[in-house]
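Positions 4 to 424 (the working numbering) are the ones given, in order, by the sequence shown.
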Amino acid sequence: MTSVFAIVRRILTQFALDKRTLALLFVAPLVVLWLLSVILGADTVGPKIATVDLPAEFQTQFEQTDARITEANADEASALLAANDVAAVLSMEGEHMLKVELEGTDSTKSAAVLAACAEALGELRGKAAEEMEAAVADKRAEVEDTIEEASQQRKEARTALTGVMVSMPPEARSSLAEALGGLFDDDAALSAEDFSMNVSNYLPIEDMETVYLHGNEDWRMFDFYGPVFIGIFLFVFTFITSGMSLVTERMGGTMTRFLATPVNAGQILGGYTLAFGLLAYLQSAIILWVALTFIGFPNEGNLGLVVFTCVSMAMVSVALGLLVSGLAATPFQVIQLILLFVVPQILLCGLFDLSGAPDWLAALSAFMPVTYGVDALRAVMLRGADLAAVGFDLAVLWGFLALFFALAAASFRKKRVRTTC
Numbered sequence: 004m005t006s007v008f009a010i011v012r013r014i015l016t017q018f019a020l021d022k023r024t025l026a027l028l029f030v031a032p033l034v035v036l037w038l039l040s041v042i043l044g045a046d047t048v049g050p051k052i053a054t055v056d057l058p059a060e061f062q063t064q065f066e067q068t069d070a071r072i073t074e075a076n077a078d079e080a081s082a083l084l085a086a087n088d089v090a091a092v093l094s095m096e097g098e099h100m101l102k103v104e105l106e107g108t109d110s111t112k113s114a115a116v117l118a119a120c121a122e123a124l125g126e127l128r129g130k131a132a133e134e135m136e137a138a139v140a141d142k143r144a145e146v147e148d149t150i151e152e153a154s155q156q157r158k159e160a161r162t163a164l165t166g167v168m169v170s171m172p173p174e175a176r177s178s179l180a181e182a183l184g185g186l187f188d189d190d191a192a193l194s195a196e197d198f199s200m201n202v203s204n205y206l207p208i209e210d211m212e213t214v215y216l217h218g219n220e221d222w223r224m225f226d227f228y229g230p231v232f233i234g235i236f237l238f239v240f241t242f243i244t245s246g247m248s249l250v251t252e253r254m255g256g257t258m259t260r261f262l263a264t265p266v267n268a269g270q271i272l273g274g275y276t277l278a279f280g281l282l283a284y285l286q287s288a289i290i291l292w293v294a295l296t297f298i299g300f301p302n303e304g305n306l307g308l309v310v311f312t313c314v315s316m317a318m319v320s321v322a323l324g325l326l327v328s329g330l331a332a333t334p335f336q337v338i339q340l341i342l343l344f345v346v347p348q349i350l351l352c353g354l355f356d357l358s359g360a361p362d363w364l365a366a367l368s369a370f371m372p373v374t375y376g377v378d379a380l381r382a383v384m385l386r387g388a389d390l391a392a393v394g395f396d397l398a399v400l401w402g403f404l405a406l407f408f409a410l411a412a413a414s415f416r417k418k419r420v421r422t423t424c
């Protein structure tokens with residue numbers, strides 16, 4: 004037992020002296036848990052929907068649902084839908100047909116839109132049924148009053164004619180009876196069934212038509228998250244391999260020998276970045292081939308642009324891995340640093356809906372490269388976007404690449420100075 008306790012004491016002492024590992028063990032998980040609590044604790048909000056000249060009764064009823072509604076004209080609504088600023092546009096197709104045009108890429112939001120429409124239509128039909136029942140009751144009472152009045156008048160007329168016919172000769176009486184026929188029969192009376200109701204007067208929307216801007220009703224929820232997972236897997240595994248590779252070479256003395264040669268930091272980092280970029284190209288090609296061929300991910304855009312976006316994300320991950328590896332003394336610490344430098348990006352890149360989260364959380368996601376890579380992948384694969392449409396996202400990715408590369412090079416120069424001294 005003495006030997007066991009000695010080993011325990013040595014390990015605990017080793018961790019106590021390693022302040023970096025202690026910080027990663029206790030601080031990083033707390034940061035991630037806090038972010039998760041903020042994201043998952045955010046209020047659930049309904050889908051954003053643009054409405055165009057809907058009947059006032061339906062508009063009023065629709066505003067009672069959880070949907071966030073924006074009234075717009077046809078051109079404005081189309082622009083909002085194309086920019087993915089709203090999940091759907093509601094307008095009238097003909098006099099009594101509701102047209103629901105869904106953005107379509109996120110099946111969860113599409114289902115929420117259709118549920119809100121069904122809820123509003125159900126309430127509208129219920130109110131219309133109540134109004135029709137009240138109108139039918141009024142009509143029925145009116146008809147019954149008319150029937151009662153007509154019956155009384157017939158009785159009075161029959162009594163008067165009977166007195167006249169008594170004083171007439173038999174032949175004239177017979178002729179008059181044939182002429183009057185069934186005028187005084189009760190079967191000729193009016194009834195409530197003689198009054199029909201026009202449903203359109205009470206129900207302005209009788210049916211609903213659904214169309215999709217992107218995708219179709221067969222798209223699954225996983226199709227919307229497919230591009231996210233592709234980008235995340237590429238970024239995470241490239242970060243791990245590049246960071247661990249550099250730390251391993253530093254521990255083995257290879258990096259020290261590199262730094263002692265005339266090779267500058269930019270050349271070392273450039274070699275690493277290009278090498279891992281080529282590996283990322285092969286990795287992207289294989290992942291996309293499997294995802295599109297066997298898993299069935301949709302791809303509405305240019306496959307070459309998808310691969311270029313994946314490679315761009317991987318190269319940013321390499322540069323970040325090279326930068327962060329300077330903070331790690333062992334490959335184990337590289338894995339721990341994922342909690343600080345990668346996991347927050349995964350949580351804020353679009354894997355979770357941040358619509359109900361605090362504004363500062365959405366602002367924080369704008370400073371993370373994975374956000375732009377995922378946005379570009381979704382735009383190309385799900386919406387068929389071209390290079391011009393995702394140019395901003397790609398430019399930001401390459402901006403992050405240049406920034407991380409410059410910071411990593413500066414860190415390497417400091418190590419070179421220390422090595423030389």
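Even for Gly, the Cβ is constructed at its ideal location relative to N, Cα and C.
Cβ neighbours of A382 within its own chain (closer than 8 Å, five residues either side excluded): G304, A388, A392, V393 and D396. In the DSSP annotation of this structure, L326 is not part of any beta strand (DSSP E); the continuous alpha helix (DSSP H) holding it starts and ends at L306 to S328. Beta-carbon to beta-carbon, S94 and K102 are separated by about 5 Å, close enough to satisfy the 8 Å threshold.
If you ignore the 5 residues before and after F61, its C-beta comes within less than 7 Å of the C-beta of A123, L127, P207 and I208, all in its own chain and listed in chain order. At the C-beta level, L351 and S368 come within 8 Å of one another.
Within the model, the alpha-carbon separation for C120 versus S81 is close to 19 Å.
Per the Cβ contact rule, the segment 222-238 is not in contact with the segment 265-282 (fewer than 3 Cβ pairs under 8 Å). Cβ neighbours of V346 within its own chain (closer than 7 Å, five residues either side excluded): V35. With respect to G218, T312 sits apart: the two C-beta atoms are not nearer than 8 Å. In the DSSP assignment, E212 forms a beta bridge with K102. Boundaries of the alpha helix (DSSP H) harbouring R253: M224 to M254, taken from the DSSP string. For I52, the enclosing beta strand (DSSP E) has its first and last residue at K51 to T54. When beta bridges are read from the DSSP output, M95 appears opposite L101.
DSSP places E60 inside the alpha helix (DSSP H), whose first and last residues are A59 to F65. Rounded to the nearest angstrom, the gap between the Cα atoms of G125 and A115 is 15 Å. One thing to note: V55 has its Cβ within 8 Å of the Cβ of A75.
When the alpha-carbon of L343 is set against those of R13, K158 and F29, the nearest one is in F29. Per DSSP, the continuous beta strand (DSSP E) segment holding E74 begins and ends at R71 to E74.
Using a 10 angstroms sphere on the CB of G246, the tally of other CB atoms reaches 16 or more, which defines it as buried.
The beta carbon of N87 lies closer than 8 Å to those of E106, T108 and R386 in the same chain, with the five residues before and after it left out. Boundaries of the alpha helix (DSSP H) around P372: P372 to R386. Proximity to Y228 across W37, S287, T244 and N302 peaks at N302, based on C-alpha coordinates.
With 16 or more other Cβ atoms from the protein chains shown falling within 10 Å of its own Cβ, F238 counts as buried. The shortest CA-to-CA distance from G269 to any of F300, I14 and F415 is the one to F415.
Relative to the Cα of V309, the nearest Cα in the group I298, L323 and I290 belongs to I290. Within a 10 Å sphere around the beta-carbon of R253 sit 16 or more other beta-carbons, which makes this residue buried.
The continuous alpha helix (DSSP H) containing I338 extends over residues P334 to F344.
If you draw a 10 Å sphere on the C-beta of P265, you find fewer than 16 other C-beta atoms in it, and that means exposed. In this structure, DSSP gives T5 a helical state, which the three-state scheme calls helix. Per DSSP, reduced to three states, the secondary structure at F300 is coil, with no helix or strand assignment. Between F300 and D226, the gap from beta carbon to beta carbon is short of 8 Å. By the Cβ neighbour-count rule, K22 is exposed, with fewer than 16 other Cβ atoms within 10 Å of its own. Contact between G324 and F242 holds: their C-beta atoms lie close to 4 Å from each other, under 8 Å.
Each residue's CA atom was taken as its position, placing T374 and P334 some 26 Å apart. A residue is called buried when at least 16 other Cβ atoms come within 10 angstroms of its Cβ; F236 does not meet this threshold and is exposed.
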